Amino acid sequence: MTLTRRQFLRRTSMATAGGLVAPSLFGDPFLKRAVAQTIGDRYFVSLLLSGGNDGLGTIIPYDNGGGSLRTDYESVRRTDSGGIQLDAGPGSGTVEGLDQAMPVNAFSDPNTGAQLSFHPGLQAFRDLYDVGDLAVIQACGYPEPNLSHAVSTSVWETADPLGTLAGSKGWAGRHLEAEYLPAEIPAVTIDSSVAGEFQQSGTSVLAIERLSRFGFPYDGDYPGDDGAKQAAFGALYAEAASNDLGAAQFVGNAGVATALAAQSYPQLHSDYQAERAAFDGMYDDKQLGGGTSTSRDLREIAKIIYGTAKGVANVDARFFQLHNGGYDNHSNQGGGDPTGRHYRLHREVSAALEIFFDDLADMAQGQSDGRQNLPDKVCVLIWSEFSRRIIQNDNGTDHGTQGPMFLIGGGVNGGVIGNHPNLDAVVLDDNGGNTPYSQTGAFRSTDFRDVYGTVLKHWLNVPQLTVESILPADTIPDPANYWTVRDFDLPLFL
Amino acid sequence: MGNQNSTLTEAEARHLLRRTGFGATQRDVDKIIGKNETRGQAADRLLGYKPSKFRPRNKDIEISHNKWVKFMVRTKTPLQEKLVLFWHDHFATSNDVVGDPKQMADQNRLFRLNGKGDFRVMMNAVNRDAAMMDFLDTVRNSKKEPNENYPRELQELFTLGVFDLDGQPNYAQEDIVQIARAFSGWRTDAKNVAYLNENKHDQGTGDPGDPFPERGPKVIYAGNLAFGSGGFDFGAAAGTNYAAEIDEVMNAIFAHQDSAGRNTLAHWIGYRLITFFADPDPPNSYIEAMVSQSQFDTSFIVADLLREIFISDEFYAPLTDPTKLSVKWPVDYVVTTLRLLGMKLKSRYQYVNGGSFNNIRDELGNMGQILFEPPSVFGWDWEGSWVSSATLLARYGFARDAIAARGRGRTTFRPERLFDFAESPAVDPDVVVDAVAALLGVGDSFGPGSAERTALVDYLTDSMGGTVDFSDFDTRDMKLRGMVGLVLQSPAYALH
């Protein structure tokens, strides 16, 4: 693919204004190649777009190509009041004055040859795609799709649509508990609770909202008593953890890991603030699209990666999860209107990732320790529990099934794989959507478990046989609709 | 099964009060023991409250939030508030979406007034509740643009559940689509009263003029045991009285039978209430027994079901089976602590007076539970999901704030008001452990010879053994506050 340097000019000039010259990773082909040799040097970030992101409002059919994709799109997404259609741009023969999808760097749907484009809120996605650091995996889903937020989220977290595995361990959790010891902390969720994909009981996963608040709270009037309190606290929790008593043991283990991390993690925050002040501010900069929960959550991840890469004692987390909510737009979705909800959500995620990767690129500058080539060692997987109905309602969309996933990072093989969902009215069901009871396999292009498996095998270097045990195939012998042939070799990594 | 005539032991009384309220003070326990109350008598007394008309109303949602917390700290009928919390989670509605604290306050009162009563009355009120109609888009559901949001959650979460006790599906996508037609056109007026705008209602006449003939008759639950293969035609049942369509839908939902012929709604609500009050992972047999013995599947009176639960042996099982213990909700943790320590929150922003000076809403937010802002329509995730490093630290931080609240007045924590160890040069540390554990209602977890007791004794004596010298104010103050804090932060106190 073509590597050009046309993006991130805004960023570079901002950085210069702040006295910092930060060459962007994405503009420099020489920085891209040095992918880490082992899992031990890499990082994985899972980003959930919670609520069901509208795929058709994310990747927009731009022309018909060899089929009728644009025409079909215009028949299901309206332009009148409450319409959420995006225009294909001047001269396209569609209604003037609509919000435009981004025509530059549009890419071809492998099936129809139709040009596709990003929603205009996804500026950085387009930039990343342009330099080959973003892969679009179209129409990801699973058999017997469920339209409940909770059920479908759980399906994606456990990678177990048919409920064949016992328990509710997360797909990444099954990898973590096999690889790490109980006292190790390989994963962190930026939230108040541990992400579903990390759930398991074999190793410790932290949930941290802000590192600055992660210190253990002592009574400030008697600092001399802190040691005695710490000892008693440790004894109480060790006792609980040593018993096989259900909830008590669970609370015990969580407390032991918390107390341990509370001694090392808050320092990461202070170090980062002191040593990376310019980038620290960018995550809050509204002009750059920062100042959002996504940008601030990513900053916490950047702090931990910074600490891990520098080799700070007792910090070695390499798996992260964060989420952005608000995608459940049954109403007030907006098309390409910059004040609309979907636009703002896209802009939030896109801008935050841009800041994050620029931060990583700057961290790596001139370093020969774990920070070297850092952006090439970080991979971000973006997913949503489902997409939304093809046919819109009044300025919104009801729950649908499959949608696009994105993979971002310097080690990612940029491009597009899988086919865009078919929008032809004759294949839509009675209700104008690709609902579960249509049960046709026509809409699902890639089973999301193939993406997970490819990440495990090619990013985390997990052997094929182990990946197969982490992600067992559907046992129903119906290759048309079920996941019986697994492909963990999707061309997603360099 | 449960015996309503068996006299409550002290441990059982404490457990009953903890689960149905916010902690157990020794006074309340003594009241039950002193009167030799039976399980049935205690349950009747707890359930016998007259519903309050209180609603936490303010134009600022933060103040509404803290008004409710304050009400919980002071209430004399804690079970009523436990039920409001339960229904707030069950019918999870977020002001993040609604953006109208007054509507949220009205909904809160609705839960209080109907919390233990006839669930049919509750559902009729929820269907027409302004906050709910906004939150789940009923007010945006029209014949031209059907909206499935409320009809989906109505069945999935509020009444039936996705699957029955045997794992069989209770309804289909088609039922959601059809019920959306019943709710189409329902709007609220300026006074937040629900009414049907018939122009926006999908009348579904099937007449030649019907703009949507492809939607067919308004039939739901075809093949359900209660209705047979033809299902139930709520359109035909309501006729031209279109506003009655949702009542006909509710009649069908209350009559719905699961794959084994059980009343689906009664067992779903039974399951939810049992997981909240009694057993986080109840066997089917327990749910079935509670529903049939209380006749909740015909009466739908919540109090009848609760009484059956509160007298059942399973309810008291956690006293002997630690795997049945439950993680306290954050709001339970906070309100219980304030009640047991005899503390009030300070100022209208309701902060705890020591340490972080976070207001109570922020403290609860850090623990993962901001009232009026459940994370989604699914409410909060309970049990293990309450427990993470972030939320544990938030709990530890609140405990620290409470025990470090110094100064005068009722917003502070003063050990000397609760313990009498003043000027004592040689205090037996076991006596101190007993006093603190009893105050916080966790005496059973710090019994003689336990590792937990040893940890606290070592803390008191700085691992030197022997007695502790409490003649000096600073040592006494430091160790008593410290030990209350440690017990508040302990695994035992996190569970009940």
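Chains as they are written, first to last, in numbering that gives the first Met the number 0: chain A, 0 to 493; chain B, 0 to 495.
For every residue, glycine included, the Cβ atom is placed at its ideal position computed from N, Cα and C.
Remember, it's a predicted structure, so these values are computed and weren't measured experimentally.
Nearest-angstrom beta carbon gap, residue j and residue i [assumed within contact, 8 Å]
| i | j | result |
| --- | --- | --- |
| B:Val161 | B:Pro150 | In fact, because the Cβ distance is near 14 Å, the residues do not count as touching under 8 Å. |
| A:Leu459 | A:Phe43 | 7 Å |
| A:Lys168 | A:Gln198 | 6 Å |
| A:Asp53 | A:His341 | 6 Å |
| B:Ile62 | B:Met103 | No, B:Ile62 and B:Met103 are not in contact; Cβ-Cβ is about 12 Å, not under 8 Å. |
| B:Leu438 | B:Leu339 | 6 Å |
| A:Ala134 | A:Asn412 | 6 Å |
| B:Ala179 | B:Asn140 | 6 Å |
| B:Phe85 | A:Ala149 | That belief does not hold up - the Cβ atoms of B:Phe85 and A:Ala149 are roughly 18 Å apart, past 8 Å. |
One or two residues paired with residue i in a DSSP bridge
| i | result |
| --- | --- |
| B:Thr574 | This structure cannot settle anything about residue 574 of chain B, because the visible part of chain B is limited to 0 through 495. |
| B:Phe231 | B:Ile219 |
| A:Trp382 | A:Leu47 |
| B:Tyr241 | According to DSSP, which records beta bridges pairwise, B:Tyr241 is partnered with nothing at all. |
| A:Thr445 | A:Cys139 |
| B:Lys345 | B:Tyr350 |
| B:Asp117 | B:Ile300 |
| A:Ile407 | A:Leu133 and A:Val379 |
| B:Leu195 | B:Trp185 |
| A:Ala206 | A:Thr188 |
Chain-ordered neighbours of residue i on chain B, where CB pairs are closer than 8 Å
| i | result |
| --- | --- |
| A:Glu208 | Asn365 and Ala389 |
| A:Lys228 | Tyr458, Gly481, Gly484 and Leu485 |
Per-residue DSSP class, three states only, for residue i
| i | result |
| --- | --- |
| A:Ile416 | strand |
| B:Thr410 | coil |
| B:Lys52 | coil |
| A:Ala260 | helix |
| B:Gly269 | helix |
| A:Leu493 | coil |
| A:Phe117 | strand |
| A:Gly402 | strand |
| A:Asp86 | strand |
| A:Ala234 | helix |
| A:Asn110 | coil |
| A:Trp155 | helix |
| B:Thr460 | helix |
| A:Val187 | strand |
| A:Tyr494 | Past the edges of chain A, shown from 0 to 493, lies residue 494 of chain A, and the structure says nothing about it. |
| B:Phe85 | helix |
| A:Gly96 | Low local confidence applies: a pLDDT of 44 at A:Gly96 is under 50, so the model's placement there is unreliable, and no value is given. |
| B:Leu164 | coil |
| A:Val314 | coil |
| A:Ala105 | coil |
| B:Leu479 | helix |
| B:Ile32 | helix |
Cβ pair residue i, residue j closer than 8 Å
| i | j | result |
| --- | --- | --- |
| A:Tyr264 | A:Phe213 | yes |
| B:Gln79 | B:Gly22 | no |
| A:Gly333 | A:Ile83 | yes |
| B:Ile219 | B:Gln256 | no |
| B:Arg38 | B:Asn94 | no |
| A:Leu287 | A:Ala256 | no |
| B:Glu362 | B:Val333 | yes |
| B:Ala277 | B:Asp296 | no |
| A:Asp423 | A:Ser67 | yes |
Closer than 9 Å at the beta carbon, the chain A residues around residue i
| i | result |
| --- | --- |
| B:Ala450 | Ala234, Leu235, Ala237, Glu238 and Ser241 |
| B:Asn146 | His329, Ser330, Asn392, Asp393, Gly395 and Asp397 |
Under 7 Å by beta carbon: chain B residues contacting residue i
| i | result |
| --- | --- |
| A:Phe213 | Leu392 |
| A:Tyr481 | In chain order: nothing, as chain B lies at least about 19 Å away. |
| A:Leu244 | Pro321 and Thr322 |
Where residue i meets chain A, residues with beta-carbon distance less than 7 Å
| i | result |
| --- | --- |
| B:Val386 | Phe249, Val250 and Ala253 |
| B:Gln488 | Phe232 |
| B:Asp136 | His329 and Ser330 |
9 Å Cβ cut-off: residues of chain B touching residue i
| i | result |
| --- | --- |
| A:Thr257 | Ser387, Ser388, Ala389, Leu391, Leu392 and Tyr395 |
| A:His148 | Ser375, Val376 and Phe377 |
Under 8 Å from the C-beta of residue i: neighbouring residues of chain A
| i | result |
| --- | --- |
| B:Arg399 | Pro216, Tyr217 and Asp218 |
| B:Ala403 | Asp218, Gly219 and Asp220 |
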